[in-house]
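Enquirer: Line by line, the protein sequences give chains G and B.
Throughout the first sequence, residue numbering follows numbering that gives the first Met the number 0, covering 0 to 197 in sequence.
Throughout the second sequence, residue numbering follows numbering that gives the first Met the number 0, covering 0 to 197 in sequence.
Have a look at the structure that comes next, please.
There are 2 protein chains.
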Amino acid sequence: MTTTTGRPRTFDEETVLDRAAVVFWRHGYEGASLSALTSAMGINRPSLYATFGSKRELFRRTFARYHDTKLATARAALDRPTAYAAIEAFLRTSADGLTAGDQPPGCLSVQGGLACSPENAPVSEILAAGRAATESALEQRLTRAASEGDLPPGMDPRSLARFVMALSEGHAVHAAAGATTEDLQASVDVALRALLTR
Amino acid sequence: MTTTTGRPRTFDEETVLDRAAVVFWRHGYEGASLSALTSAMGINRPSLYATFGSKRELFRRTFARYHDTKLATARAALDRPTAYAAIEAFLRTSADGLTAGDQPPGCLSVQGGLACSPENAPVSEILAAGRAATESALEQRLTRAASEGDLPPGMDPRSLARFVMALSEGHAVHAAAGATTEDLQASVDVALRALLTR
DNA sequence: CACCTTTTGTACCGAGCGGTAGGATGGCCG
DNA sequence: CGGCCATCCTACCGCTCGGTACAAAAGGTG
């Protein structure tokens, strides 16, 4: 894929994807115009199309990278030894990420486009699939915990995973509207009580 | 405001607002084109502009009506005698409303437009203000509960209100992606454990 | 240094957007 | 029944959208 002849590129693909992420993140898929994207990415339109093919494909690539990098720390939280520790780490690192000062507030998976015009429905589906993958990872971890006797009796791993994921998505909505880290962590405190019930 | 002379209107304002709500709800503010709106509302463009002034103002009116009618049952849940009953009713009726078959899945307050292009930022603010009002009503109810000794010791009413609201918003995100009532109610089951902790 | 290949920049395309002008329409009132 | 006047409808406005044609530019290769 990397050619040796011809005029060399003046930009790095992953760098411009990260810059595109900021625009999609802040304005959503439909709210992110090509002018805003190319301006933020520092490349011009034909370069964008030669490299990524279309706005939709650019978004797919952008979101894939976001999912693999920015969301990795939240997924890493699942490696904690107990279910409680895993959930706490998941919710706390998520809350921090949603309000990190060096990036837009909220989460690209949620802000990217919950609702789209009919012709952009695939965009919503891409995002929903990403969220579902995270929830599925949570569920797997909690199913293991259940088999290890590491969950309160009567607690369904699937429902618990959905609960944790839903709360995190709700925090994303709050963060987009200006909630602070402390606001979200206080909500996490309340949530964690659910796991202490015997 | 209601004139007696001239050709009478062939539509009812509230009826067409309800029809507009469906379009905004399903496609978001920016994804809802005027063609889709007028077609669903059963009126034509100049009638829309003569009545509502602009797309933005139409949305404001639509959302106000949605907030006053559809969200009223959730707010009514707060009248229950205990904090636990109020929260349970709030979350359960919300979950039902998010997945009611006779309307689009999810919640207009969330799907309407979390992220917009810069010139439509006011739309996001309208929605955020609506959600904040609901959270504030929750907080007031829970503050009363705290003063009545009706909350577990050490439970902060404000944090609890934020937790409940965030969970409900997360359920809206899930519903938009196709979650069923049962899916959401199972998540509510988990959440309610948080309130039983002593 | 001339060639080949790929990228870059400018300038443009048709389509759809939100919004509007102006004449045809049709119930009320004198 | 004739004039009034707000509403309805067709057709259109300027603008921005996502996407592209084409030629100038810039490295590697003989």
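Ideal placement from N, C-alpha and C gives every residue a C-beta, glycine not left out.
On a predicted model such as this, the values are computed, not experimentally measured, just so you know.
Quick one: measure Cβ to Cβ for residue 73/B and residue 96/B, integer angstroms, because I've assumed they're closer than 8 Å.
Expert: Their Cβ separation, rounded to whole angstroms, is 7 Å, which keeps residue 73/B and residue 96/B in contact under 8 Å.
Enquirer: Across the region 59–73 of chain B and the region 102–119 of chain B, are there enough close Cβ pairs to call them in contact, namely three or more that are closer than 8 Å?
Expert: A contact exists between the region 59–73 of chain B and the region 102–119 of chain B.
Enquirer: How is residue 193/G classed by DSSP in three states: helix, strand or coil?
Expert: Residue state, collapsed to three classes: helix.
Enquirer: Could you spell out the range, first to last residue, of the alpha helix (DSSP H) harbouring residue 169/B?
Expert: Segment 156–175, the alpha helix (DSSP H) holding residue 169/B.
Enquirer: Go ahead and pull the three-state DSSP assignment for residue 27/B.
Expert: In the structure shown, residue 27/B sits in a helix (DSSP, three-state: H, G or I).
Enquirer: Determine the direct distance from the alpha carbon of residue 58/G to that of residue 167/B, and round the result to whole angstroms.
Expert: One C-alpha to the other measures close to 28 Å.
Enquirer: Would you kindly work out how many angstroms separate the C-alpha atoms of residue 165/G and residue 172/B, rounded to a whole number?
Expert: Rounded to the nearest angstrom, the two C-alpha atoms are 8 Å apart.
Enquirer: Helix, strand or coil for residue 0/G, going by three-state DSSP, please let me know.
Expert: In this prediction, residue 0/G scores a pLDDT of 48, lower than 50, which makes its location untrustworthy; the coordinate-derived value is nonetheless stated afterwards. DSSP places residue 0/G in coil when its eight states are reduced to three.
Enquirer: Should residue 27/G and residue 169/B be called a contact, given that it needs their Cβ atoms to be closer than 7 Å?
Expert: It is not a contact, given that the beta carbons lie outside the stated cut-off.
Enquirer: Rank 48/B, 70/B, 122/B and 149/B by C-alpha distance to the C-alpha of residue 93/B and give the top, closest one.
Expert: Closest by alpha carbon: 70/B.
Enquirer: Once you ignore the five residues that flank residue 83/B on each side, which residues in its own chain have a CB closer than 7 Å to its CB?
Expert: Taken in chain order, the residues that qualify are 194.
Enquirer: Counting only C-beta atoms, is residue 189/B closer than 7 Å to chain G at any point?
Expert: Yes, its Cβ sits closer than 7 Å to a Cβ of chain G.
Enquirer: Specify, as a first and last residue, the run of the alpha helix (DSSP H) that residue 126/B falls within.
Expert: Note, residue 126/B: alpha helix (DSSP H), 120–146.
Enquirer: Does chain G have any CB closer than 7 Å to the CB of residue 185/B?
Expert: It does: the Cβ of residue 185/B has a partner Cβ on chain G nearer than 7 Å.
Enquirer: By the 8 Å beta-carbon criterion, what residues does the region 90–117 of chain G contribute toward chain B?
Expert: Result list: 105, 109, 110, 111, 112, 113, 114, 115, 116 and 117.
Enquirer: On a CA-only basis, which of 185/B, 6/B and 177/B is nearest residue 46/B? Give me that one, please.
Expert: Out of 185/B, 6/B and 177/B, 6/B has the C-alpha closest to the C-alpha of residue 46/B.
Enquirer: Give the C-beta separation of residue 41/G and residue 10/G to the nearest angstrom, bearing in mind that I take them to be a contact with Cβ-Cβ under 8 Å.
Expert: Confirmed, Cβ separation roughly 7 Å.
Enquirer: Rounded to the nearest angstrom, how far is the Cβ of residue 122/G from that of residue 55/G, given a contact under 8 Å?
Expert: 7 Å between Cβ atoms; contact.
Enquirer: How far does the alpha helix (DSSP H) with residue 110/B in it reach, from first residue to last?
Expert: First-last of the alpha helix (DSSP H) with residue 110/B: 107–110.
Enquirer: Could you confirm whether any beta carbon from chain G is found closer than 7 Å to the beta carbon of residue 172/B?
Expert: So, interface residue.
Enquirer: Which whole-angstrom value is the C-beta distance of residue 103/B and residue 192/B, which I expect to be below 8 Å?
Expert: Contact doesn't hold; Cβ gap of about 31 Å is too wide.
Enquirer: Three or more C-beta pairs under 8 Å: does that hold for the region 150–166 of chain B against the region 122–142 of chain B?
Expert: Contact between the region 150–166 of chain B and the region 122–142 of chain B is present, because at least three Cβ pairs lie under 8 Å.
Enquirer: Exposed or buried, which one is residue 148/G when buried takes at least 16 other CB atoms within 10 Å?
Expert: Exposed, since its Cβ has fewer than 16 Cβ neighbours within 10 Å.
Enquirer: For residue 187/G, I'd like the list of residues in its chain whose CB is within less than 7 Å of its CB, leaving aside the five on either flank, ordered along the chain.
Expert: So the list reads 90, 91 and 94, once near-sequence residues are dropped.
Enquirer: Tell me the DSSP secondary structure of residue 151/G in three-state form.
Expert: Correct three-state label for residue 151/G: coil.
Enquirer: Checking 7 Å against the spacing of the C-beta atoms, do residue 23/G and residue 111/G come in under that value?
Expert: For residue 23/G and residue 111/G, yes; Cβs fall inside 7 Å.
Enquirer: Near residue 125/G, which residues of its chain fall below 7 Å by C-beta distance, leaving aside the five closest residues on each side in sequence?
Expert: Answer for residue 125/G: 59 and 62, listed in chain order.
Enquirer: Which residues in the same chain as residue 17/G place their Cβ atom closer than 6 Å to its Cβ, once the five residues preceding and following it in sequence are excluded?
Expert: Taken in chain order, the list of residues that qualify is empty.
Enquirer: Let me confirm a value: residue 98/G is counted as buried when at least 16 other C-beta atoms fall within 10 Å, else exposed. Which label applies?
Expert: Counting Cβ neighbours within 10 Å, residue 98/G comes out buried, since at least 16 surround it.
Enquirer: Are residue 114/G and residue 30/B close, meaning C-beta to C-beta below 7 Å?
Expert: Closer than 7 Å, so yes.
Enquirer: Between the Cα of residue 243/G and the Cα atoms of 176/B, 143/B and 133/B, which residue gives the shortest distance?
Expert: Because chain G here runs from 0 to 197, residue 243/G falls outside it and cannot be looked at.
Enquirer: Which residue's Cα is closest to the Cα of residue 118/B: 38/G, 21/G and 32/G?
Expert: Considering only alpha carbons, the answer is 32/G.
Enquirer: Might you give, ordered along the chain, the residues of its own chain that have their beta carbon closer than 6 Å to the beta carbon of residue 79/B, omitting 5 neighbours on each side?
Expert: Counting only Cβ-Cβ distances below 6 Å, and skipping sequence neighbours, we find 85 and 88.
Enquirer: Closer than 8 Å by beta-carbon distance: list the chain B residues that pair up with residue 26/G, in chain order.
Expert: The contacting residues are 114, 115, 116 and 117.
Enquirer: Does residue 69/G come out as helix, strand or coil in the three-state DSSP assignment?
Expert: Reduced to three states, the DSSP call for residue 69/G is coil.
Enquirer: Could you tell me the distance, in whole angstroms, from the CA atom of residue 131/B to the CA atom of residue 154/B?
Expert: Taking the straight line from one Cα to the other gives about 20 Å.
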